[in-house]
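2 protein chains.
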Amino acid sequence: MWGIELRRSGDISLTRQIYQSLKEQITRGYILSGEALPSTRELAKQLGVSRNTVCEAYEMLLAEGDVVSSQGSPTRVAEGVCVDLPPHAEPMETLTPSTPPIRANFQTGQPDLRHFPRFQWSQLLRKAYEEMPLDQFGYTGPEGLPKLREEIAAWLFRSKGLTVRSQDIFITAGATQALHLISEMLCHRAKGIIIEDPCHMGMLRVLRSKEVTVYPVPVDEHGLQTEQLEPWNAGAIYVTPSHQFPLGGILPANRRAVLIRFARENHLYIIEDDYDSEFRYCGEPVAPLYAMDPQRVIYVGTFSKILFPALRVGYAVLPPTLHRQWKYLRTHTDVQSPPFEQAALAEYLGSRKLDRHVQKMRRLYGERRKLLLSLLKDTFGTGWRPWGDAAGLHIALAFQGFYFDQEFIQRSKQAGIFCTSVDDHSICKGRHLDKLLLGYGHLEPDEIRKGISLLYELMNGHT
Amino acid sequence: MWGIELRRSGDISLTRQIYQSLKEQITRGYILSGEALPSTRELAKQLGVSRNTVCEAYEMLLAEGDVVSSQGSPTRVAEGVCVDLPPHAEPMETLTPSTPPIRANFQTGQPDLRHFPRFQWSQLLRKAYEEMPLDQFGYTGPEGLPKLREEIAAWLFRSKGLTVRSQDIFITAGATQALHLISEMLCHRAKGIIIEDPCHMGMLRVLRSKEVTVYPVPVDEHGLQTEQLEPWNAGAIYVTPSHQFPLGGILPANRRAVLIRFARENHLYIIEDDYDSEFRYCGEPVAPLYAMDPQRVIYVGTFSKILFPALRVGYAVLPPTLHRQWKYLRTHTDVQSPPFEQAALAEYLGSRKLDRHVQKMRRLYGERRKLLLSLLKDTFGTGWRPWGDAAGLHIALAFQGFYFDQEFIQRSKQAGIFCTSVDDHSICKGRHLDKLLLGYGHLEPDEIRKGISLLYELMNGHT
């Protein structure tokens, strides 16, 4: 009746079913403008429902202007309400060519989640939730929880000797968001950015998605080649001085001095991305560039590598000149971070459990690095050398006489080996074709062993 | 000794203290380039520490290039490593003029947090955390948890009759982020956006922060005046058809048809912001525009108003043509949302507890709205009228012969009344000067009573 088929067992109220059915017919032009709907009494009888149910449906149509009604005359379809529904698009099947299962995963930037103190963290989260004051379930501002900002300041002091005021620390949803917001702040109005080449592809993609002009500066085993800096029309320089990504160099003191002077002379901000320097296997963490000029350097850190990526908590240390703009931008980007993870992390830092976790993981990752290097030596003999400082969750390796081009990477995928080359991360292609990147932090000894053996087979043409 | 003062009880290791102290003196130029450091044996003796401690500090300086060393000769300060430290900036005191305490808070868009099922939610979060597969502590992609996307699709069907494919639903960190990403996608390369005037100031600021050109179209009591649409150079139209913000109108069916046709003819996407239509006090929720053309309309929803703002979970329903670009942008904006809140919300939806919570809150907010209107009638008599549909957490009121300009808003602040005017939300100023906005959702009956009485005193010059 009237094209209305009621399902009485479903989730949807009868009123809504009547309303939807009529609405659809009106929109599709099955009931034309000016045409009268049946009286509510009549339709209720036909459908076997209460008159009230039909009245409500008609009121909804009336409120939305699909129908018009005046005292004493029937309810009629309004003018100009018909729209032909477009054919529903075919579901997009994402047909990816079948790739063989991964047998060795040398992806970079992956912490070992199996060693994450899951139970401890569960208790902290629960406590954080239960003790959270009610007003913090509402909007609490773009800066982040004051307690977490204080704990990060204390931690930066005891782990890296940095003196940072907590009010200069702004919590973010991870380092990527920090870099996204900073480049929004500093690289608009045709201002470009100076970056290391090779660099982290993710960072490069953040910049490219904003159509920011990129000025690449080559990197050698000591990091950014500061003698190649030129006063381009840039708003910032992006660097990874504690552990260059991906080549692993520590920026030496003389280059640091040049960099700071260059930034001052050209009125640029330096973005210092300290993505994994907690994991340094000889000596203690490198002193951040930030200490040399807190007015000029924006320090970016993350807990994705220390704890787990899905935590989505990072931070940026900003000079006061940028506070106001940052708060405005963050508010209008995604308002703020959720408070529970922040409170749990504050507690984890305050109790020094994070320090102990870092220590434990540093030992573990250090052993894996050692194993990887000794296996490489045993398997490949000479003809290869590691690049960069003994730090982080990955290593760059140069192999004499090998070229890790796109064809190799494709071939390795077919062999079930997931790895990237330094060339993948290069803006100016071809300079680092002899270098491969192996992420090892997340791999158990057996996985490392198997991976190296598979890699050897691939590189020596046995697959 | 050498300007090194060791604190043996602190958090910082002796090695790090030695390293930092020397580093600072080198950077500041107190120890000059070429100058020799004391031998490790000598310094260890002077400081009363083990030689190993000093050796490690020297190795750190060496690794960072502050000093150079060659077999048999003393460790010397490297060339070009001195930088004058700039004077540390004065702490910025944010001196805000003293504002009187708030006695009545009519802020819009505030759900009542006191009625949020906190204990229930705590259990859900805990369960979500404990049952979370380990790989979801890592990176899991920009789309959001599949389970939550499915539950939102089911909920959109049962609450609004929308047929949405779960793979078209993309989880966001709230509606603001959805709008931010959508405008990044659609309004770059000099493409502007058509928006309602008045509109939500937050949305306007999102657009202004991106320097997107805005084409305002006036709103009357039925929402966007579609007859005033012109084919500007725009990439999208932003509308709130279910409950226009701030005036409260429901876009009638004939205007909906015009809007859809306009968007098709001009190859525009329509952004439908359905920010609070769950709370409609007569009849059921209005049918979203999305149903009329899923290829052309992007539907944006949020759980900030239904549950609590700090949850930071919203979503956008996107046509397949925009999936790829969305995933790229989200990945390079903040990667993904944390998974725990998502899993808890999926469970809350799946168990229908959210439906019951919405029902309960709708009743509560509806009663508050009724009380507010009856108090207004008792207090102000005639000479005022409410605007828009009976829905949402706020109401727009027109008062005959009153002008709610900036001077009034300032005066109300001084009287301890927090409210905004429609003019505050207008792009073209002066059209809606007679209209005030009162948010009531978060106010208990006594707070509403007190607020209205204070407002009356203010408007009639008794304060």
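Line by line, the protein sequences are chains B and P.
Residue numbers for the first sequence follow the working numbering, so the first one is 1 and each next one is one higher.
Residue numbers for the second sequence follow the working numbering, so the first one is 1001 and each next one is one higher.
We put the CB at the ideal spot given by N, CA and C, even for glycine.
Keep in mind the model is a prediction, meaning the values are calculated, not measured.
- Neighbours of P/V1083 in chain B, taken as residues at a C-beta separation under 8 Å, are given in chain order as R256, A257, I260, R261, M292, D293.
- In the structure shown, B/W384 falls within a strand segment according to DSSP collapsed to helix, strand and coil.
- Annotation for P/G1451: the continuous alpha helix (DSSP H) segment containing it runs 1445 to 1459.
- Contacts with chain P at 8 Å (Cβ-Cβ) do not include B/R368.
- The Cβ-Cβ distance between P/D1405 and P/D1389 does not fall below 8 Å.
- The Cβ of B/V297 sits no closer than 8 Å to any Cβ of chain P.
- Distance between P/R1255 and P/T1226, taken at the CA atoms: about 6 Å.
- Residue state for P/P1231 is assigned as coil, using DSSP reduced to three classes.
- Cα atoms of B/L229 and B/L259: separation of roughly 8 Å, rounded to the nearest angstrom.
- When C-beta distances to chain B are compared with 9 Å, the residues of the region 1330 to 1343 of chain P below that value are T1331, H1332, T1333, D1334, V1335, Q1336, S1337, P1338, P1339, F1340, E1341, in chain order.
- Within the region 339 to 401 of chain B, the complete alpha helix (DSSP H) segments of 4 residues or longer fall at 339 to 350, 353 to 380, listed in chain order.
- Take B/L329, set aside five residues on each side of it, and the residues of its chain with a beta-carbon closer than 8 Å to its own are L181, E184, M185, in chain order.
- Distance from B/V83 to B/T27 at the Cβ level is roughly 6 Å; contact confirmed, criterion being Cβ atoms closer than 8 Å.
- Residues of chain B with a Cβ closer than 9 Å to the Cβ of P/G1301 do not exist; the shortest Cβ-Cβ separation is about 15 Å.
- Close to P/G1392, with beta-carbon spacing below 8 Å, lies no residue of chain B; the smallest spacing is near 14 Å.
- Contact between the region 1407 to 1423 of chain P and the region 1330 to 1342 of chain P is absent: fewer than three C-beta pairs spanning the two stretches fall below 8 Å.
- Nearest to B/I409 by C-alpha distance, out of B/F106, B/R149, B/I18, B/D197, is B/F106.
- Only residues of its own chain outside the window of five on either side were considered, and among them A1346 have a CB closer than 6 Å to the CB of P/K1147, listed in chain order.
- For a Cβ distance threshold of 8 Å, nothing in chain P lies close to B/A128: the least Cβ distance comes to about 10 Å.
- Neighbours of B/E42 across chain P, judged by C-beta separation under 9 Å, do not exist; the nearest C-beta is about 21 Å away.
- Under the Cβ criterion of 8 Å, B/S426 is not counted among the residues facing chain P.
- For the C-beta of P/Y1139, the chain B residues within less than 7 Å are, from N- to C-terminus, P309.
- According to the DSSP assignment, P/F1170 belongs to the beta strand (DSSP E) that extends over 1169 to 1172.
- Within the region 195 to 224 of chain B, the residues whose Cβ lies closer than 8 Å to some Cβ of chain P are G202, R205, V206, S209, E211, H222, listed in chain order.
- Contacts with chain B at 8 Å (Cβ-Cβ) do not include P/T1240.
- Annotated three-state conformation of B/D66 is coil, per DSSP.
- Nearest CB-CB separation between P/T1075 and chain B: not below the 8 Å threshold.
- Among the residues facing chain P, B/T176 is included, as its CB has a counterpart in that chain under 8 Å away.
- Interface residue (Cβ-Cβ distance to chain P less than 8 Å): B/Y269 is not classified as such.
- Per DSSP, the unbroken beta strand (DSSP E) holding B/V217 starts and ends at 214 to 220.
- Here B/H442 is not near P/S1209, since their CB atoms are 8 Å or more apart.
- Of the candidates P/H1425, P/W1384, P/H1323, P/W1384 places its Cα closest to the Cα of P/Y1456.
- If you draw a 10 Å sphere on the C-beta of P/E1278, you find 16 or more other C-beta atoms in it, and that means buried.
- Here P/N1105 carries a strand assignment [DSSP, helix/strand/coil].
- Proximity of B/R103 to chain P, defined by a Cβ-Cβ separation below 8 Å, is not satisfied.
- Within the same chain, and ignoring the five residues on either side of P/Q1136 in sequence, the residues whose Cβ sits closer than 6 Å to its Cβ are P1339.
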